[in-house]
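Have a look at the structure below, then the notes.
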Amino acid sequence: MASVQTEANALLKWKASLDHQSQSVLSSWSATKSTPCNWFGIYCNRNKNVSIIRLADFGLEGTLQNLNFSLFPNLLRLNLSNNSFEGNIPSHIGNLSKLSVLDLSSNKFSGSIPQDIGTLSSVTSIDLSSNQLWGSIPASIGNLTKLSTLHLNSNQLSGPIPLKLGTLAFLTILDLSYNNLSDSIPFSFGNLTKISVLYLGSNQLSGSIPEVIGTLKSVVELDFAKNYLTSRIPTSIGNLTKISTLSLHTNHLSGAIPRELGFLRSIVNLDLSGNQLSGTIPAEIGMSSTITYLALSTNQLIGEIPVSIGNLTKLSNIYLYANKLSGSIPQEVGILKFAVEFDLSENYLNGSIPASVGNLTKLSLIHLYRNQLSGPIPSIGMLKSITNFRLDDNELTGVIPNSIGNLTKLSVLYLRFNQLSGTLPLEINNLMLLEQLVIGENRLEGHLPDNVCLGGRLQFFSVYGNNFSSLIPKSLRNCSSLIRLRLERNQLTGNISENFGIYPHLYYLDLSDNKFYGELTWKWENFQNLSTLKISKNSISGTIPSELSKATQLHVLDLSSNHLVGNIPKELGNLTLYQLSLANNKISSGIPKEVRMFYELELLNLAANNFSGPIPKQLGECSKLLFLNLSNNKFASSIPSEIGNLNFLEILDLSHNLLTKEIPQQLGKLKSLEILNISNNFLSGSIPKAFDNLESLTEVDISYNELEGKIPNTKAFLVAPFEALRNNSHLCGNNSNLEACVSLAIIGKKNKNVVNLIVLPLLGSLFLFFVLIGGFFILRQRNTTKKATSSNQIVHLIWSQDTDMQYENIIEATREFNSMYCIGVGGYGIVYKAVLPTGRVVAVKKIHDQSQNGEMTNLKAFQNEISALTNIRHRNIVKLHGFCSHRKHSFLIYDFMERGSLRKILCDEERATELTWGKRLNVVKGIANALSYMHHNCFPPIIHRDISSNNVLLDSEFEAHVSDFGTARLLMPDSTHWTSFAGTFGYTAPELAYTMMVNEKCDVYSFGVVTLEIIMGTHPSDFISSLSSSSAIVQQIRIKEVIDQRLPSPYNKEAEGVIYILKLAFACSSVNPQSRPTMEQVSSKLMAKWHPLTKPFSEIKLGELLISDGVSS
32 MASVQTEANA
42 LLKWKASLDH
52 QSQSVLSSWS
62 ATKSTPCNWF
72 GIYCNRNKNV
82 SIIRLADFGL
92 EGTLQNLNFS
102 LFPNLLRLNL
112 SNNSFEGNIP
122 SHIGNLSKLS
132 VLDLSSNKFS
142 GSIPQDIGTL
152 SSVTSIDLSS
162 NQLWGSIPAS
172 IGNLTKLSTL
182 HLNSNQLSGP
192 IPLKLGTLAF
202 LTILDLSYNN
212 LSDSIPFSFG
222 NLTKISVLYL
232 GSNQLSGSIP
242 EVIGTLKSVV
252 ELDFAKNYLT
262 SRIPTSIGNL
272 TKISTLSLHT
282 NHLSGAIPRE
292 LGFLRSIVNL
302 DLSGNQLSGT
312 IPAEIGMSST
322 ITYLALSTNQ
332 LIGEIPVSIG
342 NLTKLSNIYL
352 YANKLSGSIP
362 QEVGILKFAV
372 EFDLSENYLN
382 GSIPASVGNL
392 TKLSLIHLYR
402 NQLSGPIPSI
412 GMLKSITNFR
422 LDDNELTGVI
432 PNSIGNLTKL
442 SVLYLRFNQL
452 SGTLPLEINN
462 LMLLEQLVIG
472 ENRLEGHLPD
482 NVCLGGRLQF
492 FSVYGNNFSS
502 LIPKSLRNCS
512 SLIRLRLERN
522 QLTGNISENF
532 GIYPHLYYLD
542 LSDNKFYGEL
552 TWKWENFQNL
562 STLKISKNSI
572 SGTIPSELSK
582 ATQLHVLDLS
592 SNHLVGNIPK
602 ELGNLTLYQL
612 SLANNKISSG
622 IPKEVRMFYE
632 LELLNLAANN
642 FSGPIPKQLG
652 ECSKLLFLNL
662 SNNKFASSIP
672 SEIGNLNFLE
682 ILDLSHNLLT
692 KEIPQQLGKL
702 KSLEILNISN
712 NFLSGSIPKA
722 FDNLESLTEV
732 DISYNELEGK
742 IPNTKAFLVA
752 PFEALRNNSH
762 LCGNNSNLEA
772 CVSLAIIGKK
782 NKNVVNLIVL
792 PLLGSLFLFF
802 VLIGGFFILR
812 QRNTTKKATS
822 SNQIVHLIWS
832 QDTDMQYENI
842 IEATREFNSM
852 YCIGVGGYGI
862 VYKAVLPTGR
872 VVAVKKIHDQ
882 SQNGEMTNLK
892 AFQNEISALT
902 NIRHRNIVKL
912 HGFCSHRKHS
922 FLIYDFMERG
932 SLRKILCDEE
942 RATELTWGKR
952 LNVVKGIANA
962 LSYMHHNCFP
972 PIIHRDISSN
982 NVLLDSEFEA
992 HVSDFGTARL
1002 LMPDSTHWTS
1012 FAGTFGYTAP
1022 ELAYTMMVNE
1032 KCDVYSFGVV
1042 TLEIIMGTHP
1052 SDFISSLSSS
1062 SAIVQQIRIK
1072 EVIDQRLPSP
1082 YNKEAEGVIY
1092 ILKLAFACSS
1102 VNPQSRPTME
1112 QVSSKLMAKW
1122 HPLTKPFSEI
1132 KLGELLISDG
1142 VSS
């Protein structure tokens, strides 16, 4: 028996190892006291031996290494939860033979769970949750035959779930959620007949749900969500008659929803969302009358919504969005009197909105957007609790009902993309809490409501694409809360200088295509958040003010089709512009040399002005340009060769100018060029031979010049119409509208004898020579192993086993890499879409020549690495099917992603709104999971080197897939030591500027940038550098002003997710690489539950997130 003094000394030794603050908490632990039984947190048995140590929730810091458990043979309970203990759990904890309760949860313990834990033969409850434990779950836990509760959730545990856990006959609660566990759910779990709570969610489990799950008759809560489970939902689940919560969301489950779910008469929460379930919603689901939460969203369900849904009279939340449901909304939904959130959006529902919806007086949210609903908006005046109302993207007709004025709690109203007509009801002025009013693309007319911003909360006001003809509402002039204002394509009028006020939070402003007049004399220094300004197609006059440069966040500027004069102020060079369009004005003089400062510029349109002089060569420094239009001006002299430096340029229009001399050879380097128009100039000479390399070119116009000679041998020239080639000096070539080029001079009759004596014998000799050479190679081929099938033989081939993915099929599907199949251009090659004979679609990346003399260098290493990459299997990594190196061309084969790159979606005004907050958060998780897998589950680890929004592709379900993984390494033979520059400007870690050493933390930084881009809707650019600022202004910026203003503000779980992910993004984009978390830590945190917000989302400021540790918080 342990002596009292021995136990006291052991506790004092442990106390001494803790930090100073912890020792203060334990001040009652003193050697002057004869027994520890009166010490704080210590409890003793009758023999005065320590039986309970309970020190939960005191912020203690230290380790357990100096606590000798073998000296406490009578310890029954050990509770150290919710502190800051770290280090390993010592193996000698197994000496606590009488221990019944072990709770070390919510600390910072790391390392693996010791095998010796399996010797705690008396233990009934173990809680090690919310730590940083890794490694596998020890199988020895299966020896703990008395165990009733086991919590290992919220760690970083990996590997399979031990089969022996299925032998714990008394287990009632098992929580393994929020880890990295893999493999399948053990069949032995069918033996857990007493289990009431089984949580396996947020892991990497795969395979099917075993049928034996249906034998767990005592189970009340079952959570397998957020895994990679496949196959059908077993019908045996219908046997779980006591179950109240069934969560299988975010897996890859397929097949029909079992009608047996209707037998679950105790079910309260049913979540099958985010799978690939098909078929119809079974009518039997209406038999589960206890359901309050029903989520079947984001599947592939078809057919009509069953009328039996009206039997679910206790239903509060119903989510059927993002399916393929059709038919009308059943009238029976009007019976769901307790419904609070009702979301049927993104389906194919048709018919009218049932009038019975007006009975759902408790509704706070109704989303019916992106369907095919028609008819009028029903009477909705009774929905007085509603705050979020979206009917956009339908075919609704009629007028907006006056009863909408009764919805005094309404904050979000979306009616855009319908066929609504008439005028806006005056009752809209009653909506004092309105934050977002989006009614664009209808047939509305008349006046805009005068008091639409009288409540002072209006953030989004979008009425574009209607026929409104009034002046600007008076309340808008002082509406300082505005973030997004879209009035384009109406007949609004007024003096722009007088009718608009100061909008310090305004992010997006589009007044295009109206009848506004006046000059741009606003106080631009007060527009500190303005990112996009479009005022095209109005009657704006005067000059472009140099003060516009004071709107420091301006990225998109479109003042085209007005009456502007003067020149381009050189001060605009101080802005980080992505798009600049000044076309169709009366601007004169030349382009300022400061144009070189537009290093981020992607679109420049100066067409149809009075510009003159030479085109400045400094344009060649705008390296990110995709679109350049200088047409219909008076530019003279030659085309500057520096234009050839614009590697990403897709459209170039220099037509209708006074350009002279020859076309520069350097334009042949524009590998991404798709459209070229240099017509109506005075260009002369021949078209450069380098134009043969313009494989992406699809459209060309060189008419009305003085060009001559052979046209390039690319499709755009070969199929160009007569109008695109006409009126030149003498063009020839393989185009039906031109004469063929003559390569040999016609020999006259006088030289006939010379031909007979010289040419004919020469031809005969050549013929004999080729016959002999041909015979030689035929014999040689018979005596050697077959390494090729043609003169353009394959140098190396690593290929998928799929029968349809043959080399010949790829060549045929792309018509030998015809530009018409081009879908993108990257740093390492051109990407083509290929439809194989079976109908399967793949992406083919034809690689730019990276070798010397067309031969792959370091071939063996290349083969080993490409073979490794083809074996990678991960849900969020684009599958690489194979590689072919051919003397003619080399290419990689990938899965085809339907929605293309994340960057293109974020840059598209309409497509970006499809990427809702929920989908964006899921995209961030997907990228993190992929990078965590590459860094921590691949051997050797794979460093991506070029994470950007261009290299994140989305499939039809908006699931993220990282592409081009390993490509930089594979295609850069000199990068063995990983010291060559990698990445895309704007995404690369700052330390690469001086170390050039690429490691995992570089990927982490790039991930942080992409995450910010996803949340903000645009590249964060200067925002990142401002994060390190201690400026009070930066600290006081509200998060709602930073996020993508094209989406409604996030709410509930989505708001929590945005804040949580922003904290992680800030941690990842730290300037100090050592301060960045690992991707494994990030991925693990993203699998955990979001922290509840302590204040409304709209009140959270940037400074509150920057002081938080994104990984530990």
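Quick note, in the working numbering, the sequence shown goes up one by one and the last residue is 1144.
The C-beta atom is built at its ideal place from N, Cα and C for all residues, glycine as well.
Note that the structure is a prediction, hence the values are computed from the model and not measured.
Quiz item: In terms of residues, what are the limits of the beta strand (DSSP E) holding T944?
Solution: Taken as a continuous stretch (DSSP letters only), T944 belongs to no beta strand (DSSP E), being part of the alpha helix (DSSP H) at E940 to E945.
Exercise. Out of E625, Y630, N660 and I618, point me to the one whose CA is closest to S643's CA.
Key: Per the Cα distances, I618.
Exercise. Would you mind sorting E529 into buried or exposed? The rule is 16 or more other CB atoms within 10 Å of its CB.
Key: exposed
Exercise. Please look up how many angstroms separate the CB atoms of E117 and S141, rounded, as I've assumed it's under 8 Å.
Key: By a beta-carbon distance limit of 8 Å, E117 contacts S141. Their separation comes to about 7 Å.
Quiz item: Got a sec? Which residues, its chain only, sit under 6 Å from W555 by beta carbon, not counting five neighbours each side?
Solution: E578, L579, K581 and A582
Practice problem: Decide if R6 is buried, meaning its Cβ has at least 16 other Cβ atoms within 10 Å, or exposed. | Solution: A query on residue 6 cannot be resolved here, the shown segment of the chain reaching from 32 to 1144 and no further.
Quiz prompt | DSSP three-state assignment for H917, whether helix, strand or coil | solution = strand
Self-check item: Cβ shell of G471 (< 8 Å), same chain only, five flanking positions each side left out
Solution: R447, F448, S493, V494, Y495, G496, N497 and R517
Quiz item: Between G604 and the rest of its own chain, which residues show a CB-CB distance below 6 Å, the 5 nearest in sequence each way excluded?
Solution: E625 and M628
Quiz item: Going by the beta-carbon positions, is the gap between E306 and L292 smaller than 9 Å?
Solution: Note that residue 306 is Asn in the sequence shown here, rather than Glu. Their beta carbons are not under 9 Å apart, which means N306 does not touch L292 by this criterion.
Practice problem: Note down, one range per segment and in chain order, each alpha helix (DSSP H) of at least 4 residues found wholly within the stretch 1029-1114. | Solution: 1031-1047, 1053-1058, 1063-1067, 1070-1073 and 1083-1099
Practice problem: Within 10 angstroms of the Cβ of L1002, are there 16 or more other Cβ atoms? Answer buried if so, exposed if not. | Solution: Low confidence applies here, because L1002 scores a pLDDT of 43, under 50, leaving its location unreliable; read the following figure in that light. Buried: at least 16 other Cβ atoms inside 10 Å.
Exercise. Reducing DSSP to helix, strand and coil, say where P743 ends up.
Key: In this structure, P743 counts as coil in the three-state DSSP scheme.
Practice problem: Would you mind sorting K700 into buried or exposed? The rule is 16 or more other CB atoms within 10 Å of its CB. | Solution: buried
Quiz prompt | Helix, strand or coil at H1122 according to DSSP, with G and I counted as helix | solution = coil
Quiz prompt | Residue span of the alpha helix (DSSP H) that contains E843, given as start and end | solution = Here the alpha helix (DSSP H) through E843 covers Y838 to A844.
Quiz item: Considering only residues of the same chain and omitting the five flanking positions on each side of N437, which have a CB-CB separation below 7 Å?
Solution: G412 and K415
Exercise. Name the two residues that bound the continuous alpha helix (DSSP H) containing G573.
Key: First-last for G573: S570 to T574, but that is the beta strand (DSSP E), not the alpha helix (DSSP H).
Practice problem: Would you mind working out which of F1097, E1130 and R1077 sits nearest L537, comparing C-alpha positions? | Solution: Among F1097, E1130 and R1077, the Cα nearest to that of L537 is on R1077.
Quiz item: How is E556 classed by DSSP in three states: helix, strand or coil?
Solution: helix
Exercise. Please classify C75: does DSSP put it in a helix, a strand, or coil?
Key: In the displayed model, C75 falls within a strand according to three-state DSSP.
Exercise. Identify which residue in R296, L303, L551 and I312 has its Cα closest to the Cα of M318.
Key: R296
Quiz item: In whole angstroms, what is the alpha-carbon distance linking S275 and Y230?
Solution: 13 Å
Quiz item: Would the beta-carbon of F1038 be found less than 8 Å away from any heavy atom of the ligand NAP?
Solution: Summarising the ligand content, the structure contains no ligands, and the ligand NAP is consequently not present.
Quiz item: Just how far apart, CA to CA, sit E1130 and L1124?
Solution: Approximately 11 Å between the Cα atoms of the pair.
Quiz item: According to the Cβ coordinates, are P1051 and V1102 closer than 9 Å?
Solution: no
Quiz item: N708 lies in the beta strand (DSSP E); which residues open and close that run?
Solution: I706 to N708
Quiz item: Under a three-way DSSP split, which group does K225 fall into?
Solution: coil
Quiz item: Just how far apart, CA to CA, sit N114 and E988?
Solution: 41 Å
Quiz prompt | Same chain, Cβ closer than 6 Å to C510, five either side skipped, listed in chain order | solution = Excluding sequence neighbours, C510 sits near C484 and L489.
Quiz item: Does the stretch 117-132 come close enough to the stretch 144-164 to have 3 or more Cβ pairs within less than 8 Å?
Solution: yes
Quiz prompt | Selected residue, minimal CA-CA separation from V21, among L260, F218, G232 and E252 | solution = For residue 21 there is no data in the structure shown, the boundaries of the chain being 32 and 1144.
Self-check item: Beta-carbon separation (whole angstroms), S405 vs S383, contact threshold 8 Å
Solution: With a beta-carbon spacing of about 6 Å, S405 and S383 fall inside the 8 Å limit used to define contacts.
Quiz item: Rounded to a whole number of angstroms, what is the C-alpha to C-alpha distance between Y735 and K355?
Solution: Approximately 53 Å between the Cα atoms of the pair.
Quiz item: According to DSSP, which residues form a beta bridge with N660?
Solution: Residue pairing by DSSP places N660 opposite N636 and D684 in a beta bridge.
Quiz item: How would you call E38, buried or exposed, if buried means at least 16 neighbouring beta carbons within 10 angstroms?
Solution: buried
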